[in-house]
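So the sequence shown is residues 1226 to 1303, counted in the working numbering. Yeah, the Cβ is synthetic: ideal placement off N, Cα and C, and Gly gets one too. The structure presented is a predicted model; accordingly, all values stated were derived computationally and were not measured. Read the structure below first, then the notes.
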Amino acid sequence: MEEVFKQAPDGLTYEEVETIFIRNDKNVLDTLIELWKIPDKNVKNISEEESKWANIRATCDDFDNEMKKVLDNAKKHS
1226 MEEVFKQAPD GLTYEEVETI FIRNDKNVLD TLIELWKIPD KNVKNISEEE
1276 SKWANIRATC DDFDNEMKKV LDNAKKHS
């Protein structure tokens, strides 16, 4: 039970973890799976947000690369 409590998400009391542990017939794996369940909505929102930021980073990287090419060409021709 101590190991399960150490691996539980922050913010849960020992009693809450113990209740779930007993409900899962003291099965460590099933208890941890239940403790760490994340609603699908949260997972989807995080991945959408991460995807948006990845696209923004890619766009900025492309812009930086093009500006470097322009400045390098300007340097060569001056």
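- Task: Excluding the 5 residues preceding and the 5 following K1293 in the sequence, name in chain order all residues of the same chain whose CB lies nearer than 6 Å to its CB.
- Result: Shown here for K1293: not one same chain residue has a beta carbon closer than 6 Å to its own, the five before and five after excluded.
By a C-beta neighbour count over all protein chains shown, 10 Å radius and 16 as the cutoff for buried, is L1237 buried or exposed? L1237 should be labelled exposed.
| said: Given this structure, state the Cα-to-Cα distance separating L1296 from D1286, to the nearest angstrom. | reply: Between the alpha carbons of L1296 and D1286 lies a distance of about 15 Å.
Exercise for the section: Look at the alpha carbon of P1234 and the alpha carbon of W1261, and state the distance between them as a whole number of angstroms. Expected result: Spanning the two alpha carbons is a distance of roughly 7 Å.
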